[in-house]
């Protein structure tokens, strides 16, 4: 095994025959695509699933269960793969993912489906974790950029294709095929992985192979508690509700105990020593901050198109396609530039986050009379900036991590991005709700519209009436009120302006977070890795 030195840390990769690298990379890309696809493909099939299985009160767990399981798996598997090697974790994860897919497809009720989605998420999360780690095993530092960009582009494409494919399969076959679509490729992929996936043995020191069970259990409790609390807060329950407070408290207490335990553990599950390296800490902070902005854009951009510009529910989702294509292009270009220029992490991160901030700022200028084309151009800019940060930050963390901890550090970047996204969703959702209510009361009063208080309160809590006239009519019927249609149209028009202003407030908060990220980026080292045959870069 050859060794590279990157700044102060040696970097190791496996010198393999080109054919083996190509087959391994192809299988890894395909399985990652399927795992990423399953995060979005279910969205358009959900109404049909609810119609068949019932359980409307629990349907959000179809997505939440998968996300919690996959996020929890990532840091644990990353650490274990450093200890025992990647191969059998990856092969096993594909097997678990496929079994979970089959069981999801044959579920008879919502409880079964949620349970099997958790199983599928464990497999999918492990696939995603090992996929980004294995790039460091297959390629030397100066070549990782273009391949990491390829992975990010693959992830972006899955986000574009997922909802459309899910709708097509549901309409033309059945919702079961949303899960069965993963199965046909399972046999060949598992065979090729067993035959060609490199089998590095991991740590050789018996102490380094000792599993920290206490730390692992505490990590699971803390992650599950924090993720469920953040996903519930301001959405299903109020932030001060017993449900949210109790779950978040469990997560926070478990996190505090975890830190104390891991500081004393001889071979900790969560390697806190990694945070002593400045580039690793800064890279993870930046990943969390950009995750905040990313998840916010994915949720609130469709809301703008539907609630303000009047697009249908279906077409508003398709407007994410330009953003994801921007992500694909940005990730691919950034990865190539990173490999060709020698890893200028600070410059590329500054450019990527700056472009992302520009895209977010441009969205705040749209108002409620913007053209669709103008909005699409802005969303492409936003996506390009977002994609540009993906490979840069991950490789920055990898290149300043000891080779025996590459798995743990890489999986932490995925974990930070997801946690940042959840914090973003909960924070921005609360901002949207509070600012919308405040703006509605002010705008209705300024417009001089006389409307029954019951109608106004229901419009605040029933935003569907802003985009669906039938929903507005049904609301009035349920209230037993006879409000003139022209008055309702006037009120809805004013409230769309209020919603536009509230969404502006949301993006302003995202912009502030990105400005903080720009300030943090200055702390990154100017240079990255050296070429194998060139002089080492200096920080």
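Residue numbers (our numbering): 138 to 676.
C-beta: ideal position from N, C-alpha, C; glycine also.
If you measure between the beta carbons of residue i and residue j, is that distance less than 8 Å?
i           : j           : result
residue 288 : residue 272 : yes
residue 489 : residue 515 : no
residue 439 : residue 520 : no
residue 544 : residue 215 : yes
residue 528 : residue 285 : yes
residue 398 : residue 351 : yes
residue 222 : residue 337 : yes
residue 435 : residue 407 : no
residue 546 : residue 417 : yes
residue 512 : residue 648 : no
residue 251 : residue 303 : no
residue 411 : residue 542 : yes
residue 396 : residue 385 : no
residue 560 : residue 356 : no
residue 224 : residue 334 : yes
residue 508 : residue 658 : no
residue 504 : residue 637 : yes
Considering only the alpha carbon of each residue, which of the options lies closest to residue i?
i           : options               : result
residue 253 : 262, 315, 246 and 237 : 237
residue 645 : 278, 658, 499 and 560 : 499
residue 292 : 436, 247 and 463      : 463
residue 257 : 268, 390 and 319      : 319
residue 239 : 222, 219 and 260      : 260
residue 266 : 501, 380 and 172      : 172
residue 373 : 196, 653 and 648      : 196
residue 228 : 154, 161, 441 and 565 : 161
residue 176 : 262, 190 and 503      : 262
residue 639 : 574, 650, 224 and 583 : 574
residue 549 : 386, 419 and 388      : 419
residue 220 : 154, 317, 404 and 375 : 404
residue 166 : 295, 577 and 504      : 295
residue 577 : 400, 634 and 536      : 634
residue 445 : 631, 334, 655 and 231 : 631
residue 290 : 492, 152, 579 and 169 : 169
residue 437 : 492, 380 and 558      : 558
residue 189 : 248, 163 and 154      : 248
residue 277 : 536, 637, 656 and 154 : 536
residue 375 : 566, 422, 415 and 246 : 566
residue 231 : 154, 164 and 152      : 164
residue 422 : 654, 233, 579 and 155 : 654
Tell me, to the nearest whole angstrom, how far the beta carbon of residue i is from that of residue j; I am working on the premise that it is less than 8 Å.
i           : j           : result
residue 370 : residue 571 : So it is not a contact: roughly 13 Å between Cβ atoms.
residue 307 : residue 315 : 6 Å
residue 387 : residue 358 : 7 Å
Consider the C-beta atom of residue i and the heavy atoms of the ligand HEM; say whether any pair is separated by less than 7 Å.
i           : result
residue 577 : This structure lacks the ligand HEM; in fact it carries no ligand of any kind.
Considering only residues of the same chain and omitting the five flanking positions on each side of residue i, which have a CB-CB separation below 7 Å?
i           : result
residue 311 : none
residue 183 : 196 and 199
residue 552 : 208, 211 and 212
residue 642 : 568 and 572
residue 492 : 518, 521, 522 and 525
residue 235 : 319, 320 and 323
residue 400 : 409
residue 226 : 214, 217, 218, 263 and 267
residue 181 : 300, 303, 304 and 307
residue 241 : 250, 253, 254, 257 and 316
Report all residues from its chain with a CB closer than 8 Å to the CB of residue i; omit the five preceding and five following residues, and keep chain order.
i           : result
residue 554 : 424, 425, 427, 428 and 431
residue 476 : 279, 280, 281, 282 and 283
residue 652 : 494
residue 461 : 293, 294, 296, 297 and 520
residue 656 : none
residue 244 : 190, 250 and 253
residue 501 : 641, 644, 645 and 648
residue 270 : 215, 218, 223, 543, 544, 547 and 548
Taking 6 Å as the limit between beta carbons, can you name the residues of its chain near residue i, skipping five residues before and five after?
i           : result
residue 186 : 312
residue 525 : 467, 471 and 489
residue 324 : none
residue 275 : 158
residue 299 : 174, 177 and 178
residue 402 : 349 and 352
residue 413 : none
residue 347 : 404
Are three or more beta carbon pairs between the segment 348-364 and the segment 390-400 nearer than 8 Å? yes
Any contact of the segment 319-331 with the segment 468-480, i.e. 3+ C-beta pairs under 8 Å? no
Mind the definition here: the segment 531-543 touches the segment 199-210 only if three or more C-beta pairs lie below 8 Å; say whether that holds. no
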